[in-house]
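One structure is given below, encoded as structure tokens.
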Amino acid sequence: MSIIENINKLFDHRIRLGIMSVLMVNEKVSFNQLKELLEVTDGNLASHIKALEKAEYLEVQKSFVDRKPNTKYKATKVGKLAFKKHIDALESIIKSRNELN
433 MSIIENINKL FDHRIRLGIM SVLMVNEKVS FNQLKELLEV TDGNLASHIK ALEKAEYLEV
493 QKSFVDRKPN TKYKATKVGK LAFKKHIDAL ESIIKSRNEL N
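Here our numbering is used: the sequence shown runs in plain steps of one and ends on residue 533.
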């Protein structure tokens with residue numbers, strides 16, 4: 433098996449990596465919270481969320497709070513597993529690099 437086999441192309445972009453990192457440690461996170469944490473524009477965040485949603489790595493929960501739309505995101509089981517495999521693969525690469533020195 434190749435050392436980079438479990439590297440997930442979907443997590444190559446720092447914003448998608450950031451979104452999943454936040455969702456791994458929080459049950460649900462709102463669009464505005466993600467926008468503030470990651471310091472990105474609405475459009476940029478929305479496009480990366482769409483990519484993760486298409487892969488079924490996160491689910492979208494829409495509601496209204498005081499008559500205002502409130503969108504929250506949650507990592508799916510598939511998304512959590514894919515992200516864990518990605519992080520494990522990165523750690524494996526780092527460990528193998530340390531063994532070369």
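Every residue, glycine too, gets a C-beta built ideally from N, C-alpha and C.
Under the three-state reduction of DSSP, alanine 487 is assigned to coil, being neither helix nor strand. If you ignore the 5 residues before and after leucine 449, its C-beta comes within less than 6 Å of the C-beta of Phe443, all in its own chain and listed in chain order. Look at the segment 466-527 and you find these whole runs of beta strand (DSSP E), each 3 residues long or longer: 490-497 and 500-507. In the DSSP assignment, serine 453 falls within the unbroken alpha helix (DSSP H) covering 446-457.
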